[in-house]
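Trainee:
Residue numbers (the working numbering), protein chains in the order written: chain U, 67 to 231; chain S, 67 to 231; chain G, 67 to 231; chain V, 67 to 231.
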């Protein structure tokens, strides 16, 4: 069995619609439910629910927690689910601190998992695949795209990532 | 072919997730997309998109528009999709003005159509069925329940309607 | 809490795709999984998995089992899920033997639950609603249609039921 | 825009449930409907519906057609959707004839697209990603796995591919 670490930090991909407030919120993790819909016969996913935050609310203390979690899991590829707004900031924070021997893939979603037209399961699928086949390094993977974390920015209007070069 | 009028006024059932704002909004009608997923071989649905409002923002002017639309469609059963917060108020407004010869069914959803765990398609299915089989009158229909409009209230905490008796 | 008995006998609604044989088969019951997707806050469904047969293979011995199961559950409305090919035959068999005080609703599907374009959940939703609101009698309910069991036949080419009058 | 050629040949991934026969059949292509559910902002997919066959019925004449179609599309990565039973045979047939400068990825599904628990969209997602990032060569890609076509066989009982080494 191959192994991948998955570290869940929240973001849109994990948001849930609240019938009481009428808004979408980071309340409970749902990544594992969706991982259960994928066929991964020779893959063991070790999932860690580190936090569940809108990435606009992530602080450097939170990023330090992410870094610590990553440092403890450098024995295998890592997928980090994260809000898209500050995903690149977190990726750069990691890049300044570590030089991994396996790929570290940051991913997320523009629309929460389970909503119509969600890109969440596509992005999870791609990221798990990327973690399997890419060279060591830190990447953003979504929408059939792969970006080294130091050459990417979010294009909010178009709801996608683009090269920052 | 039997005929049913469907009058769409908005509410949670029609809300759409905005990737730019990260909130759910009444932007465009999606009832018809979901009606297309039902098999209704001997039923003609005449759909009117009257407005697309959160029902907390509906005014008496809006209710007057609903009443006018209903008055023009009294030749067949009517289903009205509506926000749940003031669905009963609109139903009572209609009841004070008309005594229909066919059932008028108000319905909506606690979670928007197309979101995981949405009750929207269930409620549409039930309401179209209720409009077919119930006696003349004005009803709220959701969650396998039927309430005469003057004997029902929303229980917001439990995200359902209950008898007001 | 209201109560409804649900008696599952198999049929297309319960068929499952076999990856080994490449065909669809009646192997295990899945009605309850789909009932779990409906919101039924004041309804208790007492489900009995009586058999799981393609209805073309149902014999009079099987119909006698259905009749016995029905006889033991005449204290509340009953929904029977059944293959469409001989659904009417089973309904007539029941009608010759009993005069229920509650509605008995036969339903099924043209395409199995969980397949794209399945009508199964629509038919379950309608049948549970019909069992709540119809007068005592034995009915076939599917596709927003209600037929007394002695006035209906399957139109196989059009994959629907039609009046036999 | 990057470009990928997609050549559809049929197989389980494209099978459709027939309400008349009660079996699953290769009748019409549905790959493009499902591609439409993926977000591929900088990818142009040039889709060719070459044939729609159960791969057990593919002949060497059919494989020659596949080879011709591939030869005409060697200017970009290629994804070939194919029945799993003879996917490896077709891949080896291609490998004997060509040495591509881009990856050629064979994929399919154990359960048709649109059926519950289908692996089809996962496999399409992975294959489009693989076609983007893998080195030139001919591969089978499914279930988060990548196999060079000369080192893989189907394990029918477990409904997956395994290394043949």
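Ideal Cβ placement from N, Cα and C applies to all residues, glycine included.
1. Could you compute how far the alpha carbon of residue 141 (chain U) sits from the alpha carbon of residue 114 (chain U)?
2. Under the DSSP definition of a beta bridge, which residues are partnered with residue 227 (chain V)?
3. With DSSP run on the structure shown, which of helix, strand or coil describes residue 210 (chain V)?
4. Restricting to Cα atoms, I'd like to know which of S:228, S:211 and S:212 is closest to residue 219 (chain S).
5. Which class does residue 176 (chain V) belong to by DSSP, given the choice of helix, strand or coil?
6. Counting only beta-carbon separations shorter than 8 Å, does residue 212 (chain U) have a partner in chain V?
7. Look at the alpha carbon of residue 289 (chain U) and the alpha carbon of residue 84 (chain S), and state the distance between them as a whole number of angstroms.
8. Mapping DSSP to helix, strand and coil, what is residue 112 (chain G)?
9. Please confirm if residue 93 (chain G) has its CB atom under 8 Å from at least one CB of chain V.
10. Within this structure, are the beta carbons of residue 131 (chain G) and residue 105 (chain S) separated by less than 8 Å?
11. Counting only C-beta atoms, is residue 147 (chain S) closer than 8 Å to chain G at any point?
12. If the cut is a Cβ gap below 7 Å, which residues of chain G does residue 191 (chain S) touch?
13. For residue 184 (chain G), which residues of its own chain have a beta-carbon under 7 Å away from its beta-carbon, when the five flanking residues on both sides are left out?
14. Let's test the definition: count the other Cβ atoms within 10 Å of the Cβ of residue 122 (chain V) and tell me whether it reaches 16, buried, or not, exposed.
15. Could you compute how far the alpha carbon of residue 126 (chain U) sits from the alpha carbon of residue 192 (chain S)?
16. Which of the residues in the region 92-122 of chain S, read from start to end, lie with their CB under 9 Å from any CB of chain G?
17. With a 10 Å radius around its C-beta and 16 neighbouring C-beta atoms as the bar for buried, classify residue 128 (chain U) as buried or exposed.
18. Ignoring anything shorter than 3 residues, give me the beta strand (DSSP E) runs that lie fully in the region 87-152 of chain U, in order along the chain.
19. Decide if residue 86 (chain G) is buried, meaning its Cβ has at least 16 other Cβ atoms within 10 Å, or exposed.
20. DSSP state of residue 77 (chain U), grouped into three classes?
21. Please tell me whether residue 71 (chain U) and residue 164 (chain U) are closer than 8 Å, where the distance is taken between their beta carbons.
22. Closest to residue 216 (chain U) by C-alpha separation, out of U:149, U:230 and U:167, would be which residue?
23. Interface residues of chain S around residue 86 (chain U) at Cβ under 8 Å?
24. How should residue 80 (chain S) be labelled, buried or exposed, when 16 other C-beta atoms within 10 angstroms of its C-beta is the threshold for buried?
25. Can you confirm whether residue 208 (chain U), when its beta carbon is compared against all beta carbons of chain S, has any partner nearer than 8 Å?
26. Sorted by chain position, which residues of the same chain lie with C-beta nearer than 7 Å to residue 153 (chain V)'s C-beta, five sequence neighbours on each side aside?
27. Measuring only between beta-carbons, confirm whether residue 182 (chain U) sits less than 8 Å from chain S.
28. Answer yes or no: does any C-beta atom of chain V fall closer than 8 Å to that of residue 83 (chain G)?
29. Which one or two residues does DSSP pair with residue 164 (chain U) in a beta bridge?
30. Below 8 Å between beta carbons: does that hold for residue 158 (chain U) and residue 170 (chain U)?
31. Measuring CB to CB, does residue 74 (chain G) end up less than 8 Å from residue 111 (chain G)?
32. Whole angstroms are fine: how far does the CA of residue 168 (chain U) sit from the CA of residue 92 (chain S)?
33. Could you tell me whether the Cβ atoms of residue 103 (chain V) and residue 194 (chain V) are closer together than 8 Å?
34. Pick out whichever of G:68, G:162, G:149 and G:119 has its Cα sitting closest to the Cα of residue 136 (chain G).
35. When you compare the CB positions of residue 213 (chain V) and residue 181 (chain G), do they come within less than 8 Å of one another, or not?
36. Given a cut-off of 8 Å on the beta-carbon distance, is the pair residue 95 (chain S) and residue 118 (chain S) in contact?
Mentor: A quick look at the data gives this:
1. Those two C-alpha atoms are separated by around 15 Å.
2. V:220
3. coil
4. S:228
5. When DSSP states are grouped into helix, strand and coil, residue 176 (chain V) belongs to the coil group.
6. yes
7. Absent from the model: residue 289 (chain U). The displayed extent of chain U is 67 to 231, so no value can be given.
8. strand
9. no
10. no
11. At a cut-off of 8 Å, the C-beta of residue 147 (chain S) has no neighbouring C-beta in chain G.
12. At a C-beta separation below 7 Å, residue 191 (chain S) has these neighbours in chain G: 188, 191 and 192.
13. 175, 177 and 178
14. exposed
15. In a straight line, the C-alpha of residue 126 (chain U) is about 50 Å away from that of residue 192 (chain S).
16. 103, 104, 105, 106, 107, 108 and 109
17. buried
18. 109-119 and 144-147
19. exposed
20. coil
21. no
22. U:230
23. 222, 223 and 225
24. buried
25. So no, residue 208 (chain U) is outside the interface.
26. 121, 172, 174 and 206
27. yes
28. yes
29. BP columns for residue 164 (chain U) are empty, so no partner.
30. no
31. no
32. Linking residue 92 (chain S) to residue 168 (chain U) through their CA atoms gives a straight-line distance of about 44 Å.
33. Going by C-beta atoms, residue 103 (chain V) is not nearer than 8 Å to residue 194 (chain V).
34. G:162
35. no
36. Result yes, Cβ atoms of residue 95 (chain S) and residue 118 (chain S) sit closer than 8 Å.
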